[in-house]
Structures are given as C-alpha cells and as structure tokens.
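So the structure is just underneath, and the comments pick up after that.
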C-alpha cells in the first residue's frame with residue numbers, strides 16, 4: 001500500500017466497515033487478478049471462478065438485501081469497489097465486474113418483484129451467474145430513444161425480435177436485462193419495456209464476439225433475438241416504462257465509471273512517477289526536469305479534483321437528492337481525465353510506453369472508451385448545460 005493509498009483510506013468518505021472490505025478486496029486483486037490477468041487479455045475473458053470467489057468475498061452484492069446474499073449498503077460501496085477494480089490496471093476486468101454489479105443487476109434491484117429477486121438475485125450476488133444489460137443497438141447508443149428491438153404480446157408471453165450491440169459480458173453472461181420497444185406508436189423514449197432473458201432461451205444467441213481496441217479481457221458481444229418467447233413474469237417493472245428504469249440506473253453507472261477512471265489514472269500516475277525517478281537522461285533522471293515534475297503534479301491535482309467531484313455526486317445520490325447535473329459532470333470530466341493522464345504517462349515512459357509489455361500502454365488503450373461508454377462526453381455536457 002502506498003502512502004497515497006493510506007491517506008485515502010484514512011480520510012475518504014468511507015465507513016470503517018467499507019475500508020475493511022476494501023483491504024480484503026485489495027489483497028485478493030493483487031494476488032488473484034493483477035498477477036494473472038495478462039493471460040486473460042489473451043483469452044478474451046475473466047475466468048468465472050474469479051468472479052465466484054469475489055462473490056464469496058461478498059463484494060458482488062453489497063448494494064442488495066441480505067436475504068438475497070447482499071449487504072444492504074449504499075452507493076459508497078460501489079464507489080469503493082470501482083476504485084479497487086480500477087487500481088488493478090486491467091480495464092477489462094473492471095468492466096466485467098462493474099457491469100455485473102452496478103450496471104446490469106441494478107435493473108433487477110430497482111424494478112424486480114420480490115419473486116423475481118428471490119429467483120435471480122442470490123445467483124447474481126454469489127457470482128454463480130453473471131449479468132449483462134442489453135440496451136445499446138447499432139443505431140441507438142446514448143440515444144436510447146432510437147431503440148428498434150421490438151417485443152410483441154402474444155397470449156401470456158412476449159416475443160422479442162432485434163439486435164443489440166457492444167454488450168459487455170454478452171458472450172459469457174447468464175442473465176440479460178433487455179430493453180425492447182413495446183409500444184411502436186409511442187414517441188421518443190416512451191414505450192420501452194425491460195425484460196429478463198436467460199442464456200439458452202430459444203431464439204436468443206450471440207451473433208459474434210467483438211474485437212475491441214482495449215478492455216481485452218472483457219467479453220463483448222452482438223446479441224441476436226429471433227422470435228424469443230419470454231413469459232410475462234419476466235417483465236421487469238411496468239410495461240412501457242422501461243426508459244425510466246434505464247435513466248435511473250445511468251446515475252449509478254456514471255458515478256461508478258467516474259470512480260473507476262480516477263483510480264486507473266492514479267495507478268498509471270504512480271507507475272510513471274516511479275519510472276521517471278529512475279529513468280536516466282541528460283546526466284540525471286527525468287524527474288530532475290521541472291517540465292516533467294510540473295506536468296505530473298498537474299495530473300495529480302486533476303485526479304484529486306475528479307475524485308472529490310465523484311465523492312460529492314455519490315454523497316448527493318446517497319442522500320436521495322437530484323444530482324443529474326453533478327453526475328453528468330463526473331462522467332464528462334473523469335472520462336476525459338483518464339485519457340489525458342494516460343497520454344502523459346505514455347509520453348513520459350518514452351518508447352517503452354508504446355510497448356505491449358508496459359502496463360501504461362494497455363491502460364492507454366483501455367482508457368479511450370471511458371469518454372464514450374456510459375454516456376459520451378458531449379452528451380454529458382449537454383445534460384450539464386440544460387441545468388445551468
């Protein structure tokens with residue numbers, strides 16, 4: 001643990017219990033993830049056994065009721081989890097975990113009936129089954145209103161047809177929370193319903209695994225729905241009100257992504273400071289150069305600003321206050337921040353920063369999507385502008 005980490009644990013807005021969980025999780029990630037994940041990058045997935053053991057640690061269901069294997073904690077537990085997986089330096093691992101815990105399964109928590117939660121939540125919190133959320137389509141990303149996947153009522157069932165794109169955990173997932181248009185005459189974002197679709201349902205298939213620039217150990221898929229028949233009891237929440245479920249969870253998702261981005265940036269910066277203090281150049285080391293020191297000091301300042309902005313938005317969310325503006329700021333700022341910091345980290349590693357054997361090279365590829373996924377920077381800034 002670095003001095004910076006100890007300061008974080010002592011002064012951050014986290015309970016003693018959360019910091020104890022953090023310490024346990026950090027040890028697990030250092031021994032079972034960071035030391036092994038290079039192989040996962042080549043395999044294109046995080047081993048499911050690793051996720052099950054994280055379930056055993058109790059970190060996959062911290063936000064959910066104890067009767068379903070959870071801990072009943074608030075958003076700060078998600079921030080802590082995002083920081084720790086972000087510190088791993090493997091963005092694909094972080095994405096696999098956080099989509100499961102904070103982007104997919106919250107749809108069940110927010111809109112599920114007690115019967116639905118009893119049916120699916122225990123296997124989610126244990127890591128026995130991995131969750132994905134399928135909203136994005138080839139022509140509908142941040143613009144959810146452009147969704148074209150359709151679900152039509154047929155007796156006591158719904159029949160889904162359509163295609164989803166860029167779905168994290170899509171290849172190896174088990175439970176999918178799927179958005180589909182159920183009222184084709186409704187304008188804009190209205191008329192969308194969320195459904196639970198389980199792996200193996202007839203007509204539901206992985207069209208193809210997608211080959212990404214970064215997040216290589218995160219499996220990402222195109223999903224195909226061809227006359228997929230779903231019983232009415234698999235509807236999540238109210239029919240035609242699914243858009244509001246999607247929007248509600250976007251707040252949690254964006255806070256988590258902000259925390260993850262700041263942690264990634266911090267890890268990369270610490271690596272770079274260590275490197276420039278040892279790298280011989282011009283009769284000394286790179287750290288001797290004022291331009292290098294000040295640029296890295298600026299990175300540290302901006303990371304701390306992003307971290308505190310994230311903590312502030314999370315505290316508002318935990319208090320039940322309207323924080324769309326603040327959360328949108330978090331996503332816009334931190335998504336750009338991690339890219340900016342990684343640019344400087346690669347720069348100060350010189351030629352080594354462009355080599356696949358260097359963690360900052362991988363991290364720079366992983367960082368790029370942070371300004372896109374979960375709400376592109378430009379979309380987020382418009383949300384801020386609307387509230388100015």
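Residue numbers (the UniProt record's numbering): 1 to 388. No residue lacks a Cβ here, since even glycine has one placed at the ideal position from N, Cα and C. All values reported here derive from a predicted model rather than from experimental measurement.
Per DSSP, what are the beta-bridge partners of residue i in this structure?
| i | result |
| --- | --- |
| residue 149 | According to DSSP, residue 149 bridges with nothing at all. |
| residue 359 | Looking at the DSSP assignment, residue 359 forms no beta bridge with any residue, so it has no partner. |
| residue 182 | According to DSSP, residue 182 bridges with nothing at all. |
| residue 231 | 157 |
| residue 164 | 223 |
| residue 175 | 131, 198 |
| residue 192 | 181, 241 |
| residue 208 | 222 |
| residue 236 | 194 |
Which one of the options has the shortest CA to CA distance from residue i?
| i | options | result |
| --- | --- | --- |
| residue 181 | 195, 170, 47, 285 | 195 |
| residue 52 | 334, 34, 156, 28 | 28 |
| residue 94 | 119, 40, 70, 68 | 40 |
| residue 73 | 318, 199, 331, 184 | 318 |
| residue 44 | 314, 170, 119 | 170 |
| residue 82 | 343, 360, 101, 173 | 101 |
| residue 157 | 254, 357, 235 | 235 |
| residue 183 | 201, 153, 85 | 153 |
| residue 104 | 372, 173, 155 | 173 |
| residue 370 | 249, 254, 118, 164 | 254 |
| residue 164 | 187, 223, 148 | 223 |
| residue 189 | 201, 238, 247 | 247 |
| residue 211 | 42, 277, 344 | 42 |
| residue 38 | 377, 373, 356, 378 | 356 |
| residue 281 | 61, 350, 118, 120 | 350 |
| residue 245 | 106, 387, 138, 197 | 106 |
| residue 377 | 387, 386, 336, 233 | 336 |
Compare the beta carbon distance of residue i and residue j with 7 Å and say whether it is the shorter of the two.
| i | j | result |
| --- | --- | --- |
| residue 160 | residue 225 | yes |
| residue 303 | residue 251 | no |
| residue 76 | residue 14 | yes |
| residue 80 | residue 22 | yes |
| residue 136 | residue 166 | yes |
| residue 131 | residue 192 | no |
| residue 227 | residue 203 | yes |
| residue 262 | residue 217 | no |
| residue 301 | residue 258 | no |
| residue 122 | residue 68 | yes |
| residue 92 | residue 287 | no |
| residue 178 | residue 134 | yes |
| residue 125 | residue 168 | no |
| residue 323 | residue 313 | yes |
| residue 34 | residue 88 | yes |
| residue 50 | residue 96 | no |
| residue 360 | residue 297 | no |
| residue 338 | residue 264 | yes |
| residue 25 | residue 84 | yes |
| residue 18 | residue 256 | no |
Establish whether the CB of residue i and some CB of chain C are separated by less than 7 Å.
| i | result |
| --- | --- |
| residue 302 | Within the model displayed, chain C is absent; a lone protein chain is all it includes. |
Checklist line | Whole alpha helix (DSSP H) elements within the stretch 13-85, 4-residue minimum | finding: Runs of the alpha helix (DSSP H) lying entirely within the stretch 13-85 and spanning at least 4 residues, in chain order: 16-29, 37-43, 48-57.
Checklist line | Ordered list of alpha helix (DSSP H) runs contained in the stretch 267-348, each at least 4 residues | finding: 290-318
Notebook entry, point to check: Would you say the stretch 111-128 touches the stretch 371-387, given that touching needs at least three Cβ pairs under 8 Å?
Noted result: no
Notebook entry, point to check: Is the stretch 312-328 in contact with the stretch 358-370, if contact means three or more CB pairs nearer than 8 Å?
Noted result: no
Next item on the list: Note down, one range per segment and in chain order, each alpha helix (DSSP H) of at least 4 residues found wholly within the stretch 108-136.
Entry: 114-125
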